[in-house]
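Novice: Counting from 233, one number per residue, gives the positions in the sequence shown under my numbering. All C-beta atoms, glycine included, are put in the ideal place defined by N, C-alpha and C. Structure incoming, see below.
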Amino acid sequence: MTIGILGGGQLGYMLALAGYPLDFHFRFLDPSPQAPVGRVATRVTAEYTDFTALEKFAHGLALVTYEFENVPVAAVRFLEKLVPVYPPPHALEAAQDRLTEKSLFEKLGIPTTEFSPVSSADDLENAVRKLSLPAVLKTCRLGYDGKGQWVLRTLEDVESVKKEISSAPLILEKFVNFSRELSILAVRSRSGETAFYPLVENHHRGGILRLSLAPAPRLHPALQCDAENAARQLLEALDYVGVLAIELFECDCRLLANEMAPRVHNSGHWSIEGAVTSQFENHLRAIAGLPLGDTRTLGHSAMLNLIGELPEPAGLLAIPDAHLHVYGKALRPGRKVGHVTLRADSLEQLTQRLSQLPAFFRREEFCLLGHVT
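Here is the structure:
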């Protein structure tokens, strides 16, 4: 079976690595001739809006999936006429627009942050009166890793951001005083079988995910149940196939849905070594119509993103149960170029192994480690 994947970044790269043991073959389409998947599979270099290239790309494929959510929906709908596409295009469409996404959460009764649409300076003033400050202004479309977002704490911030408002639709969200950020990965197969990974605790800096802990420490069991119920509602409402990630805020022992990603997710990278079946293998099982794999954890795991630079590998890999993943990208500030996963039998052992990491990095990542215990 040959699977087509739109997007040629590290997520696609790891999908291919998970799929080869299952005898899957892959063909990627990405606009960049430097996309990392060129090291492991056939890569077609073309724009997503090049329908002639898309038609050639689809020839001989059993199905198509995608590895990031900013693929144009028009491209996915075009491919759907030629070959099955999973997750379905309407799930991609819902996730690409924050207002649509939040409205879907609200419609399904999934608790989420208060929000209001903004399309002009007057709209912004009205939304601020409705939600009060502080609040977060976001573009409805595009924007990731902290881009396309403004935190508004004062009326001066509101006046300042008015100058940056363009014709692009925006959404204002009430600022949430959360205790921590969590995420859940859910997977649903073509037959409707579902499975859930444990909630993961995530730490960001500069809008970029830096550290994930799996399973999330100090977690009340009811929160896992609440997260699974929310994910199940979305999976069923969207007739979803594949892995779906939902980012959540924990606030006063309850969960608020922040956003969803219709794909394998950065906060699930730990599952390669830390779960019986990785998110990447389970995504492929789901879209190929195979039974889903076991999502149980193998002890405790931590995933640290490598941003802009790579460590010296020999000493790092001397740490027990340390695993280094390098994506083959050119190094530049702010760019995810790899990740490290640590696995341990207990949280205490994981904390001890994490404490050995600072010697291998120049940057100040490790203030985060105080949050582990």
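1. Tell me the start and end of each unbroken alpha helix (DSSP H) in the segment 464 to 537 that is at least 4 residues and wholly inside, in chain order.
2. What is the C-beta distance between K561 and P268, in whole angstroms, given that I count them as a contact (C-beta under 8 Å)?
3. Would E505 and T583 qualify as a contact pair, given that the criterion is a beta-carbon distance under 9 Å?
4. Looking at C-beta atoms only, is the number of pairs between the segment 457 to 476 and the segment 401 to 412 that lie closer than 8 Å three or more?
5. Tell me whether H436 sits in a helix, a strand or coil according to DSSP, three-state version.
6. Could you pull the DSSP bridge partners for T274 from this structure?
7. Considering only the beta carbon of each residue, do L488 and L480 sit closer than 9 Å?
8. Count the other CB atoms, across all protein chains shown, that sit within 10 Å of the CB of T344; report buried if there are 16 or more and exposed otherwise.
9. Using 9 Å as the threshold, is the C-beta distance between G251 and E425 below it?
10. Please report the straight-line C-alpha distance between E544 and S348, rounded to a whole angstrom.
11. How do the segment 280 to 297 and the segment 233 to 244 stand: do at least 3 beta-carbon pairs fall below 8 Å, yes or no?
12. I think L314 touches E287, with their Cβ atoms under 8 Å apart; what is that distance to the nearest whole Å?
13. Below 8 Å, how does it come out for the segment 380 to 395 and the segment 417 to 435: are there three or more Cβ pairs, yes or no?
14. Looking at the strands, I want to know which residues DSSP matches up with V350.
15. Which one or two residues does DSSP pair with Y298 in a beta bridge?
16. Kindly indicate which residue of A326, P316, G292 and H291 has the alpha-carbon position closest to the one of V305.
17. Assuming L445 and I397 make a contact with CB atoms under 8 Å, what is their CB distance in whole Å?
18. With DSSP run on the structure shown, which of helix, strand or coil describes D377?
19. Put K288 into one of helix, strand or coil per three-state DSSP.
20. What residue does the beta strand (DSSP E) around V558 start on, and which one ends it?
21. Would you say P494 and A323 are within 9 Å of each other, going by their C-beta atoms?
22. Below 7 Å CB to CB, which residues in the same chain sit around D329 once its five sequence neighbours on both sides are set aside?
23. Roughly how many angstroms separate the alpha carbons of Y472 and F260, rounded to a whole number?
24. DSSP three-state label for G547, please.
25. Can you tell me whether L574 is helix, strand or coil according to DSSP?
26. Can you give me the start and stop residues for the beta strand (DSSP E) that S415 sits inside?
27. Tell me whether A448 sits in a helix, a strand or coil according to DSSP, three-state version.
28. Kindly identify the DSSP beta-bridge partner or partners of F310.
29. Hey, out of M233, Q242 and T234, whose CA is closest to V558's CA?
30. Could you check whether G474 and A507 sit closer than 9 Å to each other, using their CB atoms as the reference points?
31. By the DSSP assignment, the alpha helix (DSSP H) with K394 in it spans what residues?
32. Could you tell me the distance, in whole angstroms, from the CA atom of D354 to the CA atom of G270?
33. Which two residues bound the contiguous alpha helix (DSSP H) that contains A326?
34. If you run the structure through DSSP and keep just helix, strand and coil, what is K561?
35. Please return the same chain residues whose Cβ sits closer than 6 Å to the Cβ of D377, not counting the five positions on each side in sequence.
36. Within 10 angstroms of its Cβ, does T234 collect 16 or more other Cβ (buried), or is it exposed?
Specialist: Here's the rundown:
1. 503 to 506 and 511 to 520
2. 6 Å
3. no
4. no
5. strand
6. R259
7. yes
8. buried
9. no
10. 47 Å
11. yes
12. 7 Å
13. no
14. L402
15. L238
16. A326
17. So it is not a contact: roughly 37 Å between Cβ atoms.
18. Confidence at D377 is low in this model, with a pLDDT of 48, below 50, so its placement is unreliable and the value that follows should be read with caution. Coil, per DSSP.
19. helix
20. A554 to V558
21. yes
22. C372 and R373
23. 22 Å
24. helix
25. strand
26. R412 to R420
27. coil
28. According to DSSP, which records beta bridges pairwise, F310 is partnered with nothing at all.
29. Q242
30. no
31. L387 to K394
32. 48 Å
33. P321 to Q328
34. coil
35. Annotation note: pLDDT 48 at D377 (below 50); position unreliable, coordinate value reported separately. Within the same chain, D377 has close Cβ partners G439 and I440.
36. exposed
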